[in-house]
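Participant:
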Amino acid sequence: MIASCAASPPLLRAAPPQLTIPQAVLRPCRLATLPPDATLADLEASYARRGADLVACDAVRALAVESLRAQRAQGRGPDAPP
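Taking our numbering, the leading residue of the sequence shown gets 675, the next gets one more, and so forth.
1) So Val734 is in the alpha helix (DSSP H); what residue range does that whole segment cover?
2) Report back the beta-carbon spacing between Pro700 and Leu708 to the nearest angstrom; my notes put them in contact at under 8 Å.
3) Could you work out which residue in Leu705, Tyr721, Arg743 is closest to Ala730 when comparing CA atoms only?
4) Taking the alpha carbon of Ala698 as the reference point, which residue from Val734, Gln748, Gly749, Gln745 has its own alpha carbon closest?
5) So Pro696 packs on Leu737, CB below 8 Å; how close in whole Å?
6) What would DSSP say about Ala706, mapped onto helix, strand or coil?
7) Nearest-angstrom Cα distance between Thr713 and Ser720?
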């Protein structure tokens, strides 16, 4: 006997996991600035802080790129509805 597939109930498929964009990638990077009456010590301290700020900003950028690639691997764009 041959069974009809039309009489079979549809297969339930689980929705793909939803990726959430980390909040850190939505915030602008903060970079240290010099005060109006900066001294040489202020310049040196700001130079070091700015370097650390750039490293942190690059880490956040890498996280955003990783999230985008994961979404694309699932076949969804970054603005696609869930």
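Think of the CB as a built atom: it goes at the ideal place given N, C-alpha and C, for glycine as much as any other residue.
No experiment lies behind these values; they were computed from the predicted model shown.
Facilitator: According to the structure shown:
1) In the sequence shown, residue 734 corresponds to position 60, counting from 1. Start and end: 714-747.
2) Taking the first residue of the sequence shown as position 1, residue 700 is located at position 26. Taking the first residue of the sequence shown as position 1, residue 708 is located at position 34. The amino acid at residue 700 is misidentified as Pro; the sequence shows Leu. Actually they do not touch by this definition, with Cβ atoms about 27 Å apart.
3) For the purposes of this step, residue 730 is identified with residue 56 of the sequence shown, where counting begins at 1. Closest by alpha carbon: Leu705.
4) For this step, residue 698 is matched to residue 24 along the sequence shown. Comparing Cα positions, the closest option is Val734.
5) To locate residue 696, count along the sequence shown from 1; it is residue 22. To locate residue 737, count along the sequence shown from 1; it is residue 63. About 6 Å separates the two Cβ atoms, so the contact holds.
6) On the sequence shown, position 32 is the one that residue 706 refers to. The answer is coil: DSSP assigns Ala706 none of H, G, I, E or B.
7) Reading the sequence shown from its first residue, position 39 is the one you call residue 713. Reading the sequence shown from its first residue, position 46 is the one you call residue 720. If you draw a straight line from the Cα of Thr713 to the Cα of Ser720, it comes to about 10 Å.
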